[in-house]
Amino acid sequence: MTDPQPLRVGMVGYAFMGAAHSHAWRTAPRFFDLPMVPELTAVAGRNEEGVRAAAGKYGWASTETDWRRLIERDDIDLIDICTPGNTHAEIAIAALEAGKHVLCEKPLANSVEEAEKMTLVARAAAERGILSMCGFSYRRTPALALAKRMVDDGRLGRIRHVRAQYLQDWLSDADAPLTWRLDKSKSGSGSLGDIGAHSIDAAQWITGLNITGVSALLETFVKERPVGGDFVGLGGHGGADGPRGPVTVDDAALFTARFEAKHDAGADAGPIGIFEATRFALGRKNAMRLELNGTKGSLAFDFEDMNSLQFYDSALEPDAGFRKIMVTEPSHPYTGNWWPTGHGLGYEHGFTHQVVDLVNAIGTGEQPSPSFADALQVQKVLAAVESSADNSSRWQKV
Ligand code: SOE
11 MTDPQPLRVG MVGYAFMGAA HSHAWRTAPR FFDLPMVPEL TAVAGRNEEG
61 VRAAAGKYGW ASTETDWRRL IERDDIDLID ICTPGNTHAE IAIAALEAGK
111 HVLCEKPLAN SVEEAEKMTL VARAAAERGI LSMCGFSYRR TPALALAKRM
161 VDDGRLGRIR HVRAQYLQDW LSDADAPLTW RLDKSKSGSG SLGDIGAHSI
211 DAAQWITGLN ITGVSALLET FVKERPVGGD FVGLGGHGGA DGPRGPVTVD
261 DAALFTARFE AKHDAGADAG PIGIFEATRF ALGRKNAMRL ELNGTKGSLA
311 FDFEDMNSLQ FYDSALEPDA GFRKIMVTEP SHPYTGNWWP TGHGLGYEHG
361 FTHQVVDLVN AIGTGEQPSP SFADALQVQK VLAAVESSAD NSSRWQKV
């Protein structure tokens, strides 16, 4: 057998997501048999000192201070975009047009218009064998992948309710600094796009049904925060006495939603949903939760207990209650390549599985999921939420 070909990766950005992606590129071929072996060829970032330090720390072979140089290089096959949302469209379109595969962090873009352009370019590129994927990494958390499998297998019957929350608390401190995640011109929106987008994607993906309309509320609790400093990751504490700048995004987002009905549903309505995303839920650190109630059973997931899934099966005696499935069996999605039964996985594994699925798709030439078109649908929901909130929560079609 010949050795697998390399897949030479160029990554743009090296903060929180850049670290998670670097780890995934390095780890995936060590635990999974892949048709191509990812190589950490180059990382790009504007700050020369910063990008060099990141390359050394995460294992990238070379650096660039302009992402355009990465795209010009002949020794790069795939561009991995880990920058704020305002740069996604330009980088992704240039990369796809230059014949590079693309992995782009979520949300796909900062507006529906940008996401539409990206989707058109991605479709044309796919016809030339150039593939793209959006980084909704929670799809690759084994318990959520198992939830998807159980719903597809009909274990819940027809879904009636979708209850999705994404709760964090790193902005509760009114002196937490004004990072790019709080600047609409860079991030597009606040808790809505940063974490609510994951809930929207997970809900639509697991049910297999798109959201068709929403009624929403957005709130910004802390209107000004300390400026300055170069913050990597989330949170921190900016000086309480220094200058402050305006927070231009939502701190919390709430919305109700309707989903489309299944094609064979007859007169039966689609599910109704309730969504909440906030970075002010003190004590909730990364509670990405999803609960589904169907005609035959229910499923509940909480990322703070990410190696398990709660399942209620109405075919069992009614007092059997919810049962906890430890999602660590070799038969569960992704888990067989890791540790013996019961030895759980972490946040970083979702990113590693994302690389595994992307490289396998590139190997077979099949469209990886979520495609840019799937991410565009999420973008349309984000836009509908903002528009409803701007219009006193008026019902807004997606
Ligand atoms: C990345 O996928 C991401 O959405 C981050 O941007 C959030 O801040 C994080 O908390 C969840 O993951």
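According to this note's numbering, the sequence shown is numbered sequentially starting from 11. Virtual Cβ for every residue (Gly too), placed ideally from N, Cα, C.
Exercise. With a cut-off of 8 Å on the beta carbons, I'd call residue 314 and residue 297 a contact; round off their distance for me.
Key: 5 Å
Quiz prompt | Check: residue 145 C-beta below 7 Å from any heavy atom of ligand 1 | solution = yes
Practice problem: Look up residue 269 in the DSSP assignment and say whether it is helix, strand or coil. | Solution: strand
Quiz item: Residues in its own chain within less than 7 Å of residue 48 by CB, not counting five upstream and five downstream?
Solution: 17, 19, 35, 38, 39, 365 and 369
Quiz prompt | C-alpha distance - residue 217 paired with residue 311, whole-angstrom precision | solution = Counting only the Cα atoms, residue 311 lies some 14 Å from residue 217.
Self-check item: Coarse secondary structure for residue 225, derived from DSSP in three states
Solution: Look at residue 225 here: in three-state DSSP terms it is strand.
Quiz item: By Cβ distance, which residues of its chain are closer than 7 Å to residue 85, with the 5 residues on each side in sequence left out?
Solution: 18 and 51
Quiz item: Quick one: what does DSSP say residue 334 is sitting in, helix, strand or coil?
Solution: strand
Quiz item: Does any heavy atom of ligand 1 sit closer than 7 Å to the C-beta of residue 208?
Solution: yes
Quiz item: Would the C-beta of residue 67 count as close to ligand 1, meaning under 7 Å from any of its heavy atoms?
Solution: no
Quiz item: What residue range is occupied by the uninterrupted alpha helix (DSSP H) comprising residue 162?
Solution: 152-162
Practice problem: Within the same chain, show all residues whose beta-carbon is closer than 6 Å to that of residue 87, passing over the 5 residues directly before and after it, in chain order. | Solution: 17 and 18
Exercise. Check whether the Cβ atoms of residue 248 and residue 238 sit closer than 8 Å, and answer yes or no.
Key: yes
Exercise. Say yes only if the C-beta of residue 387 is nearer than 7 Å to one or more non-hydrogen atoms of ligand 1, and no if none qualify.
Key: no
Self-check item: Inside the region 316-403 only - alpha helix (DSSP H) runs reaching at least 4 residues
Solution: 357-374 and 382-400
Exercise. Within its chain, find whatever has a CB closer than 6 Å to the CB of residue 58; leave out the 5 residues flanking it on each side and keep chain order.
Key: 75
Self-check item: Residues that DSSP places opposite residue 21 in a beta bridge
Solution: 53 and 90
Quiz item: Counting Cβ pairs closer than 8 Å, one from the region 350-357 and one from the region 181-196, do we hit at least three?
Solution: no
Quiz prompt | Minimum C-alpha distance to residue 279 - residue among 221, 301, 308 and 288 | solution = Residue 221 is the option with its Cα nearest to residue 279.
Practice problem: Measuring alpha carbon to alpha carbon, tell me which of 23, 399, 342 and 294 ends up nearest residue 179. | Solution: 294
Practice problem: Determine the direct distance from the alpha carbon of residue 381 to that of residue 408, and round the result to whole angstroms. | Solution: Distance between the alpha carbons of residue 408 and residue 381: 19 Å.
Quiz item: At a cut-off of 7 Å, is residue 316 close to ligand 1 when judged by its beta-carbon and the heavy atoms of the ligand?
Solution: With a cutoff of 7 Å, residue 316 does not count as near ligand 1, since its C-beta is closer than that to no heavy atom of the ligand.
Exercise. Say yes only if the C-beta of residue 120 is nearer than 7 Å to one or more non-hydrogen atoms of ligand 1, and no if none qualify.
Key: no
Self-check item: Closest by C-alpha distance to residue 215, when choosing among 404, 181 and 385
Solution: With respect to the C-alpha of residue 215, the residue from 404, 181 and 385 having the closest C-alpha is 385.
Self-check item: From 72, 27 and 15, residue whose alpha carbon lies closest to that of residue 244
Solution: 27
Self-check item: DSSP state of residue 47 mapped onto helix, strand, coil
Solution: strand
Self-check item: DSSP bridge partner residues for residue 285 (one or two, in chain order)
Solution: 174 and 265
Exercise. Could you please give me the residues that DSSP links to residue 310 through a beta bridge?
Key: 301 and 320
Quiz item: Where residue 406 and residue 272 are concerned, what is the direct C-alpha to C-alpha distance, given to the nearest angstrom?
Solution: 21 Å
Practice problem: Taking the CB atoms as reference points, tell me whether residue 66 and residue 113 lie closer together than 8 Å. | Solution: no
Exercise. Taking 8 Å as the cut-off, decide whether the C-beta atoms of residue 299 and residue 175 are in contact.
Key: yes
Quiz item: alpha helix (DSSP H) containing residue 37: first to last residue?
Solution: 26-41
Quiz item: Can we say the region 314-327 touches the region 250-270, given the rule of at least three CB pairs closer than 8 Å?
Solution: no
Quiz item: Using the beta-carbon count (16 or more within 10 Å), is residue 120 buried or exposed?
Solution: With 16 or more other CB atoms across the displayed protein chains lying within 10 angstroms of its CB, residue 120 is buried.
Quiz prompt | DSSP-derived helix/strand/coil call for residue 235 | solution = strand
Quiz item: To which residues of the same chain is residue 207 closer than 7 Å at the C-beta, ignoring the five residues directly before and after it?
Solution: Cβ neighbours of residue 207 beyond the five flanking positions: 116, 117, 388 and 392.
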